[in-house]
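With UniProt numbering as the guide, the letters of the sequence shown map in order to residues 1 to 144. Worksheet: one structure, shown below.
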Amino acid sequence: MIIREILTIKGGDIFAIDPDQPVSEAVEVMVKHDVGSLIVRQNGTMVGLLTERDVLRGLNERGCALIAVKVSDMMVTEPIIGNPDDTVDYVRGVMTENRVSHLPVMEGETLLGVISFHDVARACLNEADFENRLLKRYIKHWPE
Numbered sequence: 001m002i003i004r005e006i007l008t009i010k011g012g013d014i015f016a017i018d019p020d021q022p023v024s025e026a027v028e029v030m031v032k033h034d035v036g037s038l039i040v041r042q043n044g045t046m047v048g049l050l051t052e053r054d055v056l057r058g059l060n061e062r063g064c065a066l067i068a069v070k071v072s073d074m075m076v077t078e079p080i081i082g083n084p085d086d087t088v089d090y091v092r093g094v095m096t097e098n099r100v101s102h103l104p105v106m107e108g109e110t111l112l113g114v115i116s117f118h119d120v121a122r123a124c125l126n127e128a129d130f131e132n133r134l135l136k137r138y139i140k141h142w143p144e
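This is the structure we're talking about:
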């Protein structure tokens, strides 16, 4: 399975925020849409990624003062990105090795979507289930 297929199944919703918005608004958007990351866009271009982990780090460093902090002060400015033709196995390795839970998927300069480690895990489980069914069918019809 490739990442393009995950995006097709998942849908193309991209949740974004401006870098000058306060982190408190970013948290509101994440909670409202039940997502763990936001694309940070300025003038229609991705300039970063803000994840739940970034917000937790900020809370640890700044405590309640986090409410007045701008998204641009906490976002990852050069997130690791995926390609729509990357395989699920490749992306799983990249995400695991780099300890990232959300991966923007770009085709050239176009942002196609964001996949989470949960999306990748679900795809791996579905792929393994399919392979298991094929193997069981093959074994069942094994020539003797």
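For glycine and all other residues, C-beta sits at the position ideal for the given N, C-alpha and C.
Quick check: what's the CA-CA separation for Val35 versus Leu49? Rounded to the nearest whole angstrom, the CA to CA distance from Val35 to Leu49 is 13 Å.
Three or more C-beta pairs under 8 Å: does that hold for the segment 7-23 against the segment 105-118? The segment 7-23 makes contact with the segment 105-118, as at least three CB pairs between them are under 8 Å.
Let me check understanding here. Comparing Cα to Cα, which of Arg53, Glu52, Val23 and Asp13 lies closest to Ala68? Checked all of Arg53, Glu52, Val23 and Asp13; the closest Cα to Ala68 is Val23.
Output the distance between the C-alpha atoms of Pro84 and Val114, rounded to the nearest integer angstrom. When rounded, the distance between both Cα atoms is 11 Å.
Following the continuous beta strand (DSSP E) through Val47, name the residue where it begins and the one where it ends. Thr45 to Thr51 is the extent of the beta strand (DSSP E) around Val47.
Anticipated Cβ contact below 8 Å, Asp54 with Val40, distance rounded: Not quite, the Cβ-Cβ distance comes to about 10 Å (not below 8 Å), so this is no contact.
Taking C-alpha atoms, which residue in Leu38, Asp13 and Arg62 lies nearest to residue 148? Because residue 148 is not part of the residues shown, which for the chain are 1 to 144, the question remains open.
Nearest to Met95 by alpha carbon, out of Ser72, Val71 and Ala121? Here the closest residue by C-alpha is Ala121.
Run the CB neighbour count on Ile111, radius 10 Å, all protein chains shown included, and call it buried at 16 or more, exposed below. The question names Ile, yet the displayed sequence has Leu at residue 111. Classification for Leu111: buried.
Quick check on DSSP: helix, strand or coil for Glu61? Secondary structure of Glu61 (DSSP, three-state): helix.
If you draw a straight line from the C-alpha of Val31 to the C-alpha of Leu56, how long is it? Roughly 14 Å separates the two Cα atoms.
I'd like to know whether the C-beta atoms of Ile3 and Asp86 end up nearer to each other than 8 Å. For Ile3 and Asp86, yes; Cβs fall inside 8 Å.
As assigned by DSSP and simplified to three states, the class of Met106: Strand, per DSSP.
Endpoints, the beta strand (DSSP E) within which Ser37 is located: Where Ser37 is concerned, the enclosing beta strand (DSSP E) stretches over Ser37 to Gln42.
Please report the distance separating the alpha-carbon of Ile80 from that of Asp119. If you take the alpha carbons of Ile80 and Asp119, they lie about 16 Å apart.
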